[in-house]
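Student: Handing you this structure, nothing more for now.
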Amino acid sequence: AAGVIQSPRHLIKEKRETATLKCYPIPRHDTVYWYQQGPGQDPQFLISFYEKMQSDKGSIPDRFSAQQFSDYHSELNMSSLELGDSALYFCASSLTNEQYFGPGTRLTVT
Amino acid sequence: AQRVTQPEKLLSVFKGAPVELKCNYSYSGSPELFWYVQYSGQRLQLLLRHISRESIKGFTADLNKGETSFHLKKPFAQEEDSAMYYCALSEESQGGSEKLVFGKGTKLTVNP
Numbered sequence: 005a006a007g008v009i010q011s012p013r014h015l016i017k018e019k020r021e022t023a024t025l026k027c028y029p030i031p032r033h034d035t036v037y038w039y040q041q042g043p044g045q046d047p048q049f050l051i052s053f054y055e056k057m058q059s060d061k062g063s064i065p066d067r068f069s070a071q072q073f074s075d076y077h078s079e080l081n082m083s084s085l086e087l088g089d090s091a092l093y094f095c096a097s098s099l100t101n102e103q104y105f106g107p108g109t110r111l112t113v114t
Numbered sequence: 135a136q137r138v139t140q141p142e143k144l145l146s147v148f149k150g151a152p153v154e155l156k157c158n159y160s161y162s163g164s165p166e167l168f169w170y171v172q173y174s175g176q177r178l179q180l181l182l183r184h185i186s187r188e189s190i191k192g193f194t195a196d197l198n199k200g201e202t203s204f205h206l207k208k209p210f211a212q213e214e215d216s217a218m219y220y221c222a223l224s225e226e227s228q229g230g231s232e233k234l235v236f237g238k239g240t241k242l243t244v245n246p
C-alpha cells in the first residue's frame with residue numbers, strides 16, 4: 005500500500021539559507037500534519053492543513069511557512085535557517101483521525 | 135493544556151518477561167489516545183488506538199479514565215520489540231484536523 009512520501013530524506017544547509025521540504029500524503033487523505041523532532045526529543049506539532057486550508061498551528065517559527073496544494077501535497081518552507089532548526093521533520097496524513105507518518109526529512113544546519 | 139506523561143525514559147527487560155510502558159494524560163474532554171512505535175531509523179508507526187481495543191503484536195492498552203492512564207502491556211516481550219514507544223493524545227482543532235500531542239517516549243530494550 006502507498007505510504008506517505010517525503011523528500012528529500014536528508015538535507016544539509018548553512019545558517020541563513022532557506023529549505024523546502026515536501027510531503028506527499030497517502031492517496032485520498034485530506035489532512036496533512038507537520039511535526040519537528042529534535043535530537044532525543046518527542047515530535048512537536050508545527051502546522052496542519054485540512055482540504056488545502058490551514059487548520060491548526062503549533063510551535064512553528066515565523067520564519068517557517070507551509071501550504072497544501074490542489075493535489076494535497078504539502079511543502080514546508082524554512083527561511084533564515086538557524087543551527088537549532090536541525091531536526092527530523094515528519095509529515096503525517098490522515099483521512100479519519102489515524103495519522104500515518106512519512107519517513108521524515110533530516111535537516112542539518114551547519 | 136493537554137499533556138502526556140511517560141515517566142520512564144528507558145526500560146530494559148529480558149526476553150519472555152512481561153513489560154508495561156506507562157502513560158498518563160491530562161485532558162479536559164474525552165481523550166483519544168494512541169501508542170506509536172519507532173524502530174531504529176524508521177518512521178513512527180501506529181501501534182494501538184484506545185477506540186479499537188485491538189491487540190497488535192501481542193500489545194494491549196486499556197484506557198483508565200479514573201487514573202487518567204493508558205499503559206501499554208505485553209505479557210511476553212520479544213527482542214524485536216526493542217524500539218522507542220510514544221504515547222500520544224489527539225487534540226481536535228477548530229479547523230477540522232486533530233493534532234497529536236506526544237509524550238517524551240520510552241526506549242524499550244529487550245535483552246536475550
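In order, the protein sequence lines correspond to chains A and B.
At the far end of the first sequence sits residue 114, using the working numbering, and the numbering has no gaps.
At the far end of the second sequence sits residue 246, using the working numbering, and the numbering has no gaps.
Positions of the beta carbon are idealized from the N, C-alpha and C atoms, including for glycine.
His33 of chain A to Ser97 of chain A, Cα distance in whole Å?
Tutor: If I take the Cα positions, the gap works out to 6 Å.
Student: Would you identify the three-state DSSP class for Leu197 of chain B, choosing helix, strand or coil?
Tutor: Leu197 of chain B falls in the coil class under three-state DSSP.
Student: Going by DSSP, name the residue or residues bridged to Phe204 of chain B.
Tutor: DSSP lists no partner for Phe204 of chain B.
Student: Please decide whether Leu178 of chain B counts as near chain A, where near means a Cβ-Cβ distance under 8 Å.
Tutor: yes
Student: What is the residue span of the beta strand (DSSP E) that Lys233 of chain B lies within?
Tutor: Glu232 to Phe236
Student: Rounded to the nearest angstrom, what separates Leu223 of chain B and Leu181 of chain B at their Cα positions?
Tutor: 13 Å
Student: With a threshold of 8 Å between beta carbons, is Asp115 of chain A in contact with chain B?
Tutor: Residue 115 of chain A is absent from the model: chain A starts at 5 and stops at 114.
Student: Measuring straight from C-alpha to C-alpha, what distance separates Arg137 of chain B and Leu145 of chain B?
Tutor: Straight-line spacing of the CA atoms in Arg137 of chain B and Leu145 of chain B works out to 21 Å.
Student: By how many angstroms is the C-alpha of Asp89 of chain A removed from the C-alpha of Gly42 of chain A?
Tutor: 8 Å
Student: Can you name the residues of chain A whose CB is closer than 8 Å to the CB of Arg183 of chain B?
Tutor: Simply Glu102.
Student: Can you list, in chain order, the residues of the segment 217 to 228 of chain B whose Cβ is nearer than 9 Å to any Cβ on chain A?
Tutor: Tyr220, Ala222, Ser224, Glu225, Glu226, Ser227 and Gln228
Student: Let's test the definition: count the other Cβ atoms within 10 Å of the Cβ of Thr35 of chain A and tell me whether it reaches 16, buried, or not, exposed.
Tutor: Classification for Thr35 of chain A: buried.
Student: Please classify Leu99 of chain A: does DSSP put it in a helix, a strand, or coil?
Tutor: coil
Student: Pick out whichever of B:Gly192, B:Glu154 and B:Lys241 has its Cα sitting closest to the Cα of Ser174 of chain B.
Tutor: B:Lys241
Student: Note the first and the last residue of the continuous beta strand (DSSP E) segment covering Glu21 of chain A.
Tutor: Counting along the chain, no beta strand (DSSP E) covers Glu21 of chain A, and no H or E run does either.
Student: Just mark Leu87 of chain A as buried or exposed, buried being the case when its beta carbon has 16 or more other beta carbons within 10 Å.
Tutor: Classification for Leu87 of chain A: exposed.
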